[in-house]
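Take the sequence shown: its letters are residues 549 to 1702, numbered as in the working numbering.
Glycine included, each C-beta is placed from N, C-alpha and C at the ideal position.
Let me begin by presenting the structure, written as structure tokens, before commenting on it.
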Amino acid sequence: MTNPAEHALVANSMVDSREGDFGCTVMDLRKLMELRSNDAMNQIRNHYGDVQNICSRLKTSPVEGLSGNPADLEKRRQVFGQNFIPPKKAKTFLELVWEALQDVTLIILEIAAIISLVLSFYRPPGGDNEQCGESTGTPEDEGEAEAGWIEGAAILFSVLIVVLVTAFNDWSKEKQFRGLQSRIEQEQKFAIIRNGQLIQLPVAEIVVGDIAQIKYGDLLPADGILIQGNDLKIDESSLTGESDHVKKSLDKDPMLLSGTHVMEGSGRMVVTAVGVNSQTGIIFTLLGASEGEGEEKKKKAKTQDGVALEIQPLNSQEGVDSEEKEKKAAKMPKKEKSVLQGKLTRLAVQIGKAGLIMSAITVLILIFYFVIDNFVVKQRPWLAECTPIYIQYFVKFFIIGVTVLVVAVPEGLPLAVTISLAYSVKKMMKDNNLVRHLDACETMGNATAICSDKTGTLTMNRMTVVQAYIGGTRYQKIPSPDVLPPKVLDLIVNGISINSAYTSKIMPPEKEGGQPRQVGNKTECALLGFVTDLKQDYHAVRSEVPEEKLYKVYTFNSVRKSMSTVIKTPEGGFRMYSKGASEIILRKCNRMLNKEGEVMPFKSKDRDDMVRTVIEPMACEGLRTICIAYRDFNDAEPVWDNENEILTELTCIAVLGIEDPVRPEVPDAIAKCKRAGITVRMVTGDNINTARAIATKCGILTPGDDFLCLEGKEFNRLIRNEKGEVEQDKLDKIWPKLRVLARSSPTDKHTLVKGIIDSTVGDQRQVVAVTGDGTNDGPALKKADVGFAMGIAGTDVAKEASDIILTDDNFTSIVKAVMWGRNVYDSISKFLQFQLTVNVVAVIVAFTGACITQDSPLKAVQMLWVNLIMDTFASLALATEPPTDSLLKRRPYGRNKPLISRTMMKNILGHGVYQLTVIFLLVFAGEKFFDIDSGRNAPLHSPPSQHYTIVFNTFVLMQLFNEINSRKIHGERNVFAGIFRNVIFCCVVLGTFISQILIVEFGGKPFSCTGLTLCQWFWCLFIGIGELLWGQVISAIPTQSLKFLKEAGHGTAKEEITKDAEGLDEIDHAEMELRRGQILWFRGLNRIQTQIDVVNTFQTGASLKGVLKRQTMSQQFDVKLVPSSAHVTVAPTTSVAGAAVSSTLGNQSGESIP
């Protein structure tokens, strides 16, 4: 990949040779796009005349767009560049190997092994001196002493394998995340007009000169100039840091920039700059160029490196304040990024401390014993020529100590987390969940509440008009056009066809006999379908009144809850058509058409009657009611910006009842949620009666329940004090019983989500998932623990703010996400149960063995095989268990539930007792039982003994069968249930067994093994299988009776959260700065590295400062909101003088957050 700076230069040099083909160069357009409002307008006027001239210079038609001729498109790409920003180069395999080598434990082992190697080649002059103690024991085999180097070499070799395995895992993980990233990119398409046809084009294929159709909720993929716009407002906070929405119009400010969000309105623009030449691209290029400017800067900018040039041409960022932020962040306590991460980090630290203490004690005891035995009991003098031999002993003791430490620290744990998450993410794609942030997958398993939209998620989002109220008559089905007076019919057809986005249309069905396809806004499609059902043609109306002829458009937004379009009438006056939620539009009506089509007065009493007799009955059947109205302005032209005076005195034409059927699979999914202990709440902008009817159909409300259904207004009245501030105490009285929130604004949704998350009612904090599709859902999606955006109906802004994208917009996919999340949690618990049994047994064996026999029964290389190689495979085997439906039959674990339950602790200790008993019996009495030579108290370089080989072999086989026991963690009896569903597990167990046979029979000196007879093998296998039988005995003991068992790996206590989080900004700065997709793979690496760092710190006893600094750096780029009691604050902005870049602050969706 070329560096973006070079890329830009190459693009520019190409321009010079071909610039005659178009009327303007890349640099002309770049300079033009750097200007704003009046400056831009003057530049366009002085240099180009108007926007139409720019189009003709770029050889494009403002109406038809480009022809789509491949040669022309290719030429444009060569002259103006592609809409693509080269991603940052991935780390090479060797770089990853180097990173894996940084592990402190491995470094200690490497040093010990090298010292051991050097000393083994050194033959001291007094080597045979009797005074030096037994260096080689019997001189029966001089060759054995010569082979002393093998142990050191074997340790180095094991370290190498461990490093390669780790590097390979990192490499494949990075590859997976990049694949995921490119999948997210490919999903992003944009509406482009080519050859007069509106097509959805992948963002990367957009070229300069394309005409793009922009609408509410879009994320602009390139820079452009507005050709035609209706009420267009853009959130430019990602480029300027200003959170106020900027109004765009042809005469004031037509400049549209990539990476900004369309918050209101619609329009068309001509694309003038793409890729590295767009404003966002230039910023990426600046960042890229600064990377190469010198090593010192590189070090400083290390936090940016990982993400600076990552993938999409979307958000710009500049690390101007990164150092200040680092200092601030270093002072802040680290907030937990996810439930599981917090528990794992705590547990790893506890284990690390214990291991460090054990290994230190082991080394000290060995040294003291040796010194006392030799110099006090046997009273030998310390001879100079014996020093190297003593040093060899001390190195051997040190290696034993390090081995104890290696075994104590669960290196397989971060790997298990990664494998489990990566595996789940891959599988979740098949279940229509596109995970953008890894930890969202696991957090979803702890979800206790889901706040869901109604339209499209619980319903099919296939809307049809099924009832109508026209001219005082309620039609239970669509009336025939003959029944309606021509004037009324004409008003209905025009009022719908003109006053809806021209991007909404009905297309012929894909399959014959299928339903017509609805393109665009589904409510508008239902209304257009109604026009078609009345045997009228909306296309004819639209071609008569093209978009350019629309005089003024008030587009739909969450505040207006209506849309109005003004057109000029042939008589010279104006007519405005309006449509929107029936109770809102009716409040603005003072006249109504009767059945003859004449205008009648419409008083507030008539309105109340109509609500009671028409709207409520329709709503109780689950229909959405939409009112269409109009108003004529025949006198002087009014002031269009004075919206309140314009949108009054309307004449009601009709009220239509739109049906959006509940998805057939939703009631079952909601029943599953209830069984799983998850509360589903419906938050919708619809009428309360419609919402209640749909909630009852879905099963959110059941007859006889004592639950609340509230409207937004009522909700706010109940939770706010006189000053209008939300009071948590008041909210706590409402939310536990609230099931439906109707006529809610995005602010209400955010308030509810925040209130539930911050609540201290109940024994533990709620974990809330939220679904959203609109631009204004951004704040609620970000605030939630897990935000789900709709893949089909969702706007780019909503997708941007989310953690998981539902590619089929279906509620059942959320239930699958819960299942996968719980499965991740269980997989890691299974692995922990297995790993900790291995660790406890191995540490105690090495420790007691060393203290009693001055040598560990399990040698360093054997320990490495058991701990690292087996654990790597075990994490693969246990982390890829597929989920089962039984996961949804229990309540969520919650934040404070420990990772290691009492049942698991019972299993760990129970199996530990069995294994220790067997190993100690074999170590101290095995030679008598098998009638072989004892391996205890062997001299320094003695050959491997059958005795200790049997100990090692039995130990490994016991772990192997215990791996099968570890498949169940809730005390189930049948550990083989569904074992063949997991092919990886079967392969790993079989592979490990075969490897063990090879090690024992052919491992020889490096593994301190010697061949065993068939009889000895059978005894080892028999003891191993005993693990399965012993497992049945353990599961028969009721956990409740074992009161002494403790749990381990707790989450954060509630008090700690509030204490830690005080004074912290809820939205961290990086949150606003970085496009969330860019962090995808980066976060996985970071999170694991942090865990390893914390563990390593305790192993080496180094200062915590370095690790915390690393954590805070990673924190800057780990963009996931962590709910806490802190209030949301939007940080102030700082502009950078003289640079075309300013820091990106302000939340991504651009919503002002209360």
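- As the crow flies, the alpha-carbon of residue 968 is around 22 Å from that of residue 996.
- About 24 Å separates the beta carbon of residue 780 from that of residue 823, a gap too long to meet the 8 Å contact definition.
- Taking C-beta atoms under 8 Å as the contact rule, residue 810 and residue 777 fail to qualify, at a distance of about 10 Å.
- Boundaries around residue 1296 are those of the alpha helix (DSSP H), 1294 to 1306, since no beta strand (DSSP E) includes it.
- Nearest in C-alpha terms to residue 1426, of all of 1534, 577, 580, is 1534.
- Measuring C-alpha to C-alpha distances from residue 1195 to each of 1078, 1100, 914, 1577 identifies 1100 as the nearest.
- The bridge partners DSSP lists for residue 809 are 767, 783.
- Taking C-beta separations shorter than 8 Å and ignoring five residues to either side along the sequence, the partners of residue 1110 in its chain run 1102, 1104, 1126, 1127, 1128, 1129, 1132, 1133, 1195, following chain order.
- DSSP, read as helix, strand or coil, puts residue 1106 in coil.
- According to the DSSP assignment, residue 1207 belongs to the beta strand (DSSP E) that extends over 1198 to 1207.
- A distance below 7 Å between beta-carbons, with the five flanking residues on each side excluded, links residue 1583 to the following residues of its chain, in chain order: 1519, 1521.
- Residue 788 and residue 1151 have their C-alpha atoms roughly 49 Å apart.
- Residue 1395 and residue 921 have their C-alpha atoms roughly 19 Å apart.
- The beta-bridge partner set that DSSP reports for residue 998 consists of 1228, 1317.
- The Cβ atoms of residue 1369 and residue 1350 lie no closer than 9 Å to each other.
- Note on geometry: alpha-carbon atoms of residue 945 and residue 709 lie some 24 Å from one another.
- For residue 1008, same chain residues with a beta-carbon under 6 Å away, outside a window of 5 residues either side, are 1209, 1211 in chain order.
- Selection 994, 616, 1509 evaluated against residue 1580 yields 1509 as nearest (Cα-Cα).
- Between residue 1442 and residue 891, the alpha-carbon positions lie close to 12 Å from each other.
- Under the three-pair Cβ rule at 8 Å, the stretch 1280 to 1292 counts as touching the stretch 1247 to 1262.
- Residue environment: residue 1494 is assigned as buried (16 or more neighbouring CB atoms within 10 Å of its CB, all protein chains considered).
- Proximity to residue 1172 across 1203, 1314, 983, 625 peaks at 1203, based on C-alpha coordinates.
- For residue 739, the pairing in a beta bridge is given by DSSP as 748.
- Minimum Cα-Cα distance from residue 832 among the listed residues 1359, 807, 816 corresponds to 807.
- A distance below 8 Å between beta-carbons, with the five flanking residues on each side excluded, links residue 1026 to the following residues of its chain, in chain order: 1013, 1014, 1016, 1078, 1081, 1082.
- Judged by their CB atoms, residue 1560 and residue 1498 are nearer to each other than the 9 Å cut-off.
- For residue 1493, DSSP records no beta bridge to any residue.
- Checking the DSSP bridge columns, you'll see residue 1335 partnered with 1318.
- Looking only at 1121, 1044, 1358, the smallest Cα-Cα distance to residue 1074 is reached by 1044.
- Residue 601 carries a helical assignment under DSSP once its states are collapsed to helix, strand and coil.
- Residue 618 has no beta-bridge partner at all, per DSSP.
- Residue environment for residue 1031: exposed (fewer than 16 other C-beta atoms within 10 angstroms of its C-beta).
- Counting along the chain, residue 1023 sits inside the beta strand (DSSP E) bounded by residues 1021 to 1023.
- Secondary structure of residue 1125 (DSSP, three-state): strand.
- Each of 1517, 1516, 1399, 1184 was checked against the Cα of residue 914, and the nearest Cα belongs to 1399.
- Look at residue 1149 here: in three-state DSSP terms it is strand.
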